[in-house]
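Below is one structure, written out as C-alpha cells, with a few remarks after it.
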Amino acid sequence: MDLLSLKEFLSNKYERTIHGILELKKETQKFKNITKQEISNSKIFSKKSIDEQFRYFLHVELPKFKNAQISSKTLVPSISKRGLRYDLTVPFARFVVMNQSELTFPFKRYQIQPVWRADRPQKGRYQEFYQCDVDVVGSDSLVYEAELAQIYDEVFARLGLEVVIKINNRKVLAGIAEAAGISDSFMDMTIAIDKLDKIGMEGVEKEMAGRGIPETAINKVKTILKAKSLEELKPLLADSAAGIKGVEELETVFDYLGIGESANEIVFDITLARGLSYYTGCIFEVQAKGVQMGSIGGGGRYDDLTGVFGMPGTSGVGVSFGAERIFDVMEELKLFPEDSAIRLKAVFLAFDEASHRYAFRCLRQLRAAGVNAEIYPEPAKMGKQFKYVDKRNAPYAIVIGSNEMASGELGFKNMKTGEQEGLRLEEIIERLKG
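Take this note's numbering: the final residue in the sequence shown is number 434, and no numbers are missing along the way.
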C-alpha cells in the first residue's frame, strides 16, 4: 500500500477518527497509574500528555515497518485498511505533523497507551501491552538525551527497581561497519549484534556469516566490539567520520550525566544495537538487575521520522517504558508494597437483617472517610463470613449484632492475631486511616 501524502490524509476523502472502547486489565490499570504518576512527578521534564486513538489506517501506522516491496494485499488479502497500533513513536510523528501549527518546539510529551504485536506470547512478551513513552521533538540538542536518561534513572529509583541503563549510538555502529568494510551490510551486522545477549558472540559470528559477511570483516567487528570505553573505541574508528561523530555525541551525553549523581548505573555499551531502522543517533536500553528478563525500556534519537508524513528535517528523541514487563519484574522481585496487594482494609459482618442495615450505614461512613471497606452481602453463619474475610485478605472484620447496635461499640477483630475489641465507629475510622 502506498503511503498517502499528508494532504490526502487530511482531506475529507479519508476517515480521520475511529471510535472504540478498550477494556483494561486490572493489573495493567494499576501499573499504568503508578507509572504515569512517576513520570508526571519528574521535576526535570515539563511535558504534555496526549491520548491518541488506538486503531489506525495501515498506511499511517506502518510506513517504517513495511517489508520491502511486499504488498499488503499479499499479506492480508481480506481485512480492512485499518490496523492496531504497533508502537507510539510513529503515530506521535503523525500527531506532530498534523498539529505543527499549534505546537511550541521543542515539543515534549509523555503518552501511556496500549500497542499490539503479532509475537508468540511468552514470559515478558505479549501481543497486547502498554507502552509509556517520553519524547522531545524539534531539537537536536544532546541535552535531551541526558534528560531522558535521567528520567529513566529517576522513575526506576522511585519504583524501587535496580537497573542498568545502557547507551550507544547508531553512528558508532555505522562506523564499525565502515571500519570493517561492510557499510552495505550495516543492517545485517546490527541485526546480528542485537542478538548478542541471546546467542552469544559465537552465535553472532554464525549469524553474520549466514548473512554473507566475509570472515575478515567478522573478525574486525569482533575486535572493535571488545572496546569497553569511548577512549578505547576512538582509535578503532579513526577512519570513519560517522563513527567519530557518534563517539563525540556519546562523550557529550556522558558529560551532561556526570553533573550530579545517579541512583542507577548508566553505562556505554558498544554491543547495544536496537533493531528499529528509524534510530539515527543515541540509543537506549534498560535491563533490570536480579531477574532474567529482556529489556524493560528502550529508545533513541530519530532525525527524520516526521519526514514520511511531509515534515522533513525535524529531529526527535524518545524513550519507552515497557509497562507489563516492568510489572512482571516487580512482581517477581516482590517490590509491590504489601498494602497495595491488600487494598481492602475491613469487611462488615452482621448477625441479622437489622444489624446488616446498620452495618451498611457504617460502611458508607467509612468509605466517605476514604477507607476501603465492604460488607458481606447477607446475614449468614459467622464461620462462613469470617472465611470470606480471610479469602479477601482483609486485615480487619467489623462485627455487628444487636448488642453492638445498642452500645455503639462495634466488634473490631484483627484477623491476623484473632484479638477483638469494642470500638466506636469514629475510633475505627481513625485506626484504619492511621
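Built from N, CA and C at the ideal position, the CB exists for glycine as well.
Return helix, strand or coil for residue i, following the three-state DSSP convention.
i, result
"Lys433", "helix"
"Ile44", "For Ile44, the pLDDT reaches just 44, beneath the cut-off of 50, and the residue's location in the model is therefore unreliable, although a value from the coordinates is still provided. In the structure shown, Ile44 sits in coil (DSSP, three-state: anything other than H, G, I, E or B)."
"Gly299", "strand"
"Asp304", "coil"
"Lys384", "helix"
"Ala288", "strand"
"Phe95", "helix"
"Leu423", "strand"
"Ala263", "coil"
"Asp133", "strand"
"Pro114", "strand"
"Ile428", "helix"
"Gly322", "strand"
"Gln122", "strand"
"Ile270", "coil"
"Val329", "helix"
"Phe348", "strand"
"Lys222", "helix"
"Leu236", "helix"
"Leu88", "coil"
"Asp108", "This sequence places Lys at residue 108; Asp is not what is there. DSSP places Lys108 in strand when its eight states are reduced to three."
"Gly83", "strand"
"Gly281", "coil"
"Gly246", "helix"
Find the nearest neighbour of residue i within the set the options, judged by alpha-carbon distance.
i, options, result
"Ala242", "Pro395, Ile296, Asp153 and Glu178", "Glu178"
"Tyr278", "Ser295, Gly316, Leu272 and Val389", "Gly316"
"Asp303", "Ile296, Met311 and Gly297", "Met311"
"Pro106", "Asp87, Ala118, Lys123 and Val143", "Val143"
"Tyr394", "Leu344, Val163, Asp135 and Asp184", "A small fix is needed here, since residue 394 is Ala in this sequence, not Tyr. If we check each option's Cα against that of Ala394, Leu344 comes out closest."
"Ser185", "Arg364, Leu233 and Met208", "Met208"
"Asp352", "Glu404, Asn372, Ala323 and Met330", "Glu404"
"Ala180", "Glu154, Glu430, Ile213 and Asp197", "Ile213"
"Val441", "Glu265, Arg120, Val134 and Ile218", "Past the boundaries of the shown model lies residue 441; the chain is included only from 1 to 434, so the question cannot be answered."
"Phe92", "Cys132, Leu250 and Ala118", "Cys132"
"Leu272", "Lys234, Pro114, Val286 and Val136", "Val286"
"Gln122", "Gln292, Leu173, Ile224 and Glu202", "Gln292"
"Ile218", "Lys228, Val204 and Glu147", "Val204"
"Met187", "Asp197, Arg211 and Met98", "Arg211"
"Asp390", "Gly138, Asn414 and Asp194", "Asn414"
"Ala227", "Leu333, Val247 and Thr216", "Val247"
"Val253", "Gln100, Arg82 and Ala146", "Ala146"
"Arg357", "Glu427, Val399 and Glu251", "Val399"
"Leu173", "Asn99, Arg109, Lys245 and Asp87", "Lys245"
"Ile151", "Tyr388, Glu261, Ala380 and Glu427", "Glu261"
"Asn99", "Tyr86, Gly138, Arg82 and Ala192", "Gly138"
Since I believe residue j is in contact with residue i (beta carbons under 8 Å), could you give me their beta-carbon distance rounded to a whole number of angstroms?
i, j, result
"Arg325", "Gly300", "About 18 Å; that fails the 8 Å criterion."
"Phe284", "Lys166", "7 Å"
"Thr89", "Gly318", "6 Å"
"Glu374", "Val347", "6 Å"
"Tyr126", "Ile112", "Not confirmed; about 16 Å, so no contact."
"Gly294", "Ser320", "Going by Cβ atoms, the distance from Gly294 to Ser320 rounds to 13 Å, so no, they are not a contact pair."
"Met330", "Leu159", "7 Å"
Check whether the Cβ atoms of residue i and residue j lie closer than 8 Å to each other.
i, j, result
"Leu349", "Ala397", "yes"
"Ile182", "Met189", "yes"
"Gly422", "Glu409", "yes"
"Ala268", "Leu230", "Strictly speaking, residue 268 in this sequence is Phe, with Ala absent from that position. A contact, by the Cβ cut-off of 8 Å."
"Ile176", "Val221", "yes"
"Leu257", "Ala157", "no"
"Gly281", "Asn169", "yes"
"Trp116", "Leu161", "no"
"Gln385", "Leu425", "no"
"Ala359", "Ile429", "no"
"Val96", "Thr306", "yes"
"Ala263", "Asp119", "no"
"Phe412", "Arg94", "no"
"Glu102", "Pro114", "no"
"Lys416", "Val371", "no"
"Asp328", "Gly124", "yes"
"Gly383", "Leu333", "no"
"Ser355", "Gly401", "yes"
Please give the ranges of any alpha helix (DSSP H) in the region 140-216, keeping only runs that are unbroken, at least 4 residues long and fully inside the region.
143-158, 170-179, 186-193 and 196-210
Beta strand (DSSP E) runs contained entirely in the region 350-417, provided each spans 3 or more residues
373-375, 396-400 and 410-414
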